[in-house]
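The next block holds one structure in the form of structure tokens; read it before the comments.
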Amino acid sequence: MKKELLLLFAKEPVCGQVKTRLGKNIGMKAASSLYDLMLRHIIINLISVNNYDVIICKTQESSKAYFKEISEDIIIKDQPEGNLGQKMYGVFEQGFALNYERICIAGTDCPAISHVDILKTFELLKTCKLVLGPSEDGGYYLIGLSAFYPQLFADISWSTENVFSSTIAIAESLGITCSLLASRTDIDEIADLENYMSKYPEAKLSLAFKEVLKNFA
Numbered sequence: 064m065k066k067e068l069l070l071l072f073a074k075e076p077v078c079g080q081v082k083t084r085l086g087k088n089i090g091m092k093a094a095s096s097l098y099d100l101m102l103r104h105i106i107i108n109l110i111s112v113n114n115y116d117v118i119i120c121k122t123q124e125s126s127k128a129y130f131k132e133i134s135e136d137i138i139i140k141d142q143p144e145g146n147l148g149q150k151m152y153g154v155f156e157q158g159f160a161l162n163y164e165r166i167c168i169a170g171t172d173c174p175a176i177s178h179v180d181i182l183k184t185f186e187l188l189k190t191c192k193l194v195l196g197p198s199e200d201g202g203y204y205l206i207g208l209s210a211f212y213p214q215l216f217a218d219i220s221w222s223t224e225n226v227f228s229s230t231i232a233i234a235e236s237l238g239i240t241c242s243l244l245a246s247r248t249d250i251d252e253i254a255d256l257e258n259y260m261s262k263y264p265e266a267k268l269s270l271a272f273k274e275v276l277k278n279f280a
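In our numbering, the protein residues as written are 64 to 280.
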């Protein structure tokens, strides 16, 4: 067992159940196809290094078979029940109970995330207690801890623009040292997709996105 653990929160890309805000603009089939591409891209990238353990934390309704198709060797577990805060609380608690020294959770809505971010997070956690990757919608795409602080997951209005600022305020009140990664954009709306493709026009994922949009036009 390694000293560091990445917990990747993910959901099987079932049409009509993922990226529904994006689907209102481009259609639900196109939205689920885009998320499928993004999810596979993120998983393959983040498991491409052997420096840390990885567990896919899937939603309870998602099938294991989908994720096993991406990587037969990957460990897959169900997310705990509850809201996002309760789910993160639960998996952090379980991870530290297994004696990991540094743990981070990453979502699968930010295609720009890479294993470089994960390696940097674990390096930062050697000298601080908390690492956050802020997203431009006011949340965060990554959270890393070197000790378990349950208070970071209580009294926060999840899925709002105040998640990041509320987390920082709680950390400051507890005297928790925090480091930040670069701000990134989750792809939830059509503007997010356009911004990503404009910023990374030659990236393989952007080119794949263009093909999907062309096929479903």
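Yeah, the Cβ is synthetic: ideal placement off N, Cα and C, and Gly gets one too.
Everything numeric in this text was worked out from a predicted model, so none of it was measured.
Given residue i as reference, the closest of the options once Cα atoms are compared
i           : options               : result
residue 69  : 154, 92, 123 and 90   : 154
residue 101 : 201, 125, 137 and 170 : 170
residue 197 : 189, 207 and 191      : 207
residue 264 : 200, 175, 210 and 211 : 175
residue 73  : 162, 185, 272 and 131 : 131
residue 181 : 190, 192 and 165      : 165
residue 238 : 252, 260 and 210      : 210
residue 163 : 117, 200 and 124      : 117
residue 111 : 121, 179 and 150      : 179
Rounded C-alpha distance that separates residue i from residue j
i           : j           : result
residue 247 : residue 228 : 15 Å
residue 194 : residue 244 : 7 Å
residue 225 : residue 231 : 10 Å
residue 114 : residue 241 : 22 Å
residue 223 : residue 172 : 15 Å
residue 267 : residue 236 : 43 Å
residue 92  : residue 279 : 8 Å
CB of residue i within 8 Å of CB of residue j, strictly
i           : j           : result
residue 119 : residue 139 : yes
residue 219 : residue 158 : no
residue 168 : residue 205 : yes
8 Å Cβ cutoff, residue i in contact with chain C
i           : result
residue 183 : The chain inventory of the structure shown lacks chain C, comprising one protein chain alone.
Contact test: residue i Cβ vs the ligand MN heavy atom, cutoff 7 Å
i          : result
residue 87 : The ligand content of the structure shown is nil, which means the ligand MN is not present either.
Any 3 or more C-beta pairs closer than 8 Å across the segment 72–84 and the segment 96–104: yes
Cβ contact check for the segment 123–137 and the segment 212–223: 3 or more pairs under 8 Å: no
Whole runs of the alpha helix (DSSP H) within the segment 82–118, excluding any shorter than 4 residues: 83–89 and 91–109
Complete runs of the beta strand (DSSP E) confined to the segment 210–260 [at least 3 residues]: 241–243
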